[in-house]
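Chains as they are written, first to last, in the numbering used here: chain V, 453 to 744; chain F, 913 to 1023. Notes for the one structure printed next.
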Amino acid sequence: MAFLGNLTGGLRSLLRRESVERELDEELSGYLEMATNERIKHGMSREEARRAVRLEIGSLEATKEAVRTAGWEFVVETWWQDIRYGLRRLLKQPAFTGLAVLTLALGVGATTTIFSVIYGVLLDPFPYVNSDRVAVVQIQDTAVARPVGRTAFPLQEFLEYQAQNRVFEEVIGGSHEDVLNTTGEGPEQYDGAYVTPNTFRFLGVPALVGRGLLPEDAAPGAPPVFVMSHKLWLGRYNLDPTIVGRSFILNGVPTTLVGIMPARFTKFAADLWRAVPLDRSNPDINRRSFRL
Amino acid sequence: MAEKAGDLVQGTLDMLILKTLALEPMHGFGVAARIEQMSQNVFRVNAGSLFVAFQRLQRAGLISSEWKATENSRRAKYYALTAEGRKRLKSETQEWGRQVAAIARILEASS
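Okay, structure coming up:
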């Protein structure tokens, strides 16, 4: 109640200053007149009385000033005056202003860029759970003088790593695949990624809408599902949350969209992810290679 | 606390205004005159502090104001106590009594 009264009272002074000022004026001159009359009643002459009152309450302006500067709105008003004064001064010196703005813009821009890089590379490079314990394996033939080794592995080899691994808690893999989405307006091509069924559980990033891929999604006979990237969701579907649950024809197979990942989840820089069953007997999957 | 005779003890002006308005709604000069008269001219109320106090009390919702005609058919802003103000006056009066009694005890003990 008190806070509200203070707020509305101050706002009234700010927004309707003339009428508030006039009211105060009238109130104070009334006060002055009554004080003068009171003294006349006690036998002073009008002149004497007026002088005595002036002496006693000081100048009317000072009193008004005291009332005007007592509320919080006076601080706001002072700021506003300072801001306007500053702007006027800046407008009078366009060359200096331009230079100052340019300097600030460059400074802010450079700082923002540097911090974005530092944030993304050093402070918080990956959104994944325990990302400091994630490693990428490559196989290098030391007899060959090449700086980098092989990072992609056929399914058979990948499964051996998964089976014989004693060092890592879990091994995930996957790679790019082109995905055609058949729509009523014609096909669209997306940069897809197929991933081992444990990938989303391993990375531990919760979906923004819906859910991520589960190991069960790759089980035999499980309905085909996929998860979409934030980038595609924003760029193609305008962040429409109702598309989750809809069926898309991906590479000729009706596939249900079960979730959308947050913007920083960019595994394989893909538009969408599908789980691939690790089935040695399936010749199609057998041909694929897996990057850890 | 009082720098010269007639200055109010700090923080008591609000209480005196509330007390004055508890009797009947009053305009600014009436409040000042009433306080001077009731204090038998011990207290002089400075107009600046008075109107600042009115503004503060009104914003705190303790008093309300209304333009009315005076007995001399002049227009004046009359202030009246709100229910909130009545409550505040009661609690401040009690607190004041407690403090005065305490100060009196201290002064008696040390003299």
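Positions of the beta carbon are idealized from the N, C-alpha and C atoms, including for glycine. If you're wondering where the values come from, they're calculated on a predicted model, not measured in any experiment.
Two segments are said to touch when three or more pairs of C-beta atoms, one from each, lie closer than 8 Å; by this definition the stretch 989 to 1005 of chain F touches the stretch 923 to 938 of chain F.
Taking 8 Å as the cut-off, the Cβ atoms of L925 of chain F and G940 of chain F do not count as close. E479 of chain V reaches chain F at G940 and K989, counting residues in chain order whose Cβ is nearer than 7 Å. In the DSSP assignment, G638 of chain V falls within the beta strand (DSSP E) that extends over G638 to V647. Near chain F, meaning a CB-to-CB distance below 9 Å, the residues of the stretch 487 to 515 of chain V are A487, N489, E490, E508, I509, G510, L512, A514 and T515.
Interface residue (Cβ-Cβ distance to chain F less than 8 Å): V472 of chain V is not classified as such. For the pair of segments examined, the stretch 946 to 958 of chain F was found not to touch the stretch 725 to 737 of chain V: the number of CB pairs separated by less than 8 Å stays below three. Of all residues in the stretch 981 to 1006 of chain F, only T982, N984, R986, R987, A988, K989 and E996 place a beta-carbon less than 9 Å from a beta-carbon of chain V. For the alpha helix (DSSP H) assignment, the uninterrupted runs of no fewer than 4 residues enclosed by the stretch 953 to 987 of chain F are, from N- to C-terminal side, 959 to 971. In the structure shown, N633 of chain V falls within a strand segment according to DSSP collapsed to helix, strand and coil. Contact residues of the stretch 560 to 573 of chain V toward chain F are absent (C-beta to C-beta distance below 7 Å). A direct Cα-to-Cα measurement between E513 of chain V and V505 of chain V gives close to 14 Å. At least one C-beta of chain V is nearer than 8 Å to the C-beta of A945 of chain F. Secondary structure of M713 of chain V (DSSP, three-state): coil. Of all C-beta pairs linking the stretch 534 to 543 of chain V to the stretch 975 to 992 of chain F, fewer than three are shorter than 8 Å, placing the two stretches out of contact. DSSP lists no bridge partner for F567 of chain V. With its beta carbon less than 8 Å from one in chain F, A518 of chain V belongs to the interface.
Under the DSSP assignment, F742 of chain V falls in the beta strand (DSSP E) whose first and last residues are S741 to R743. Rounded to the nearest angstrom, the gap between the Cα atoms of P579 of chain V and P675 of chain V is 28 Å. Note: F605 of chain V is bridge-paired with V:F742 in the DSSP secondary-structure output.
The beta carbon of V519 of chain V sits closer than 7 Å to those of L476, all from its chain and outside the five residues before and after it, given in chain order. When Cβ-Cβ separations below 8 Å define contact, N458 of chain V makes contact with chain F.
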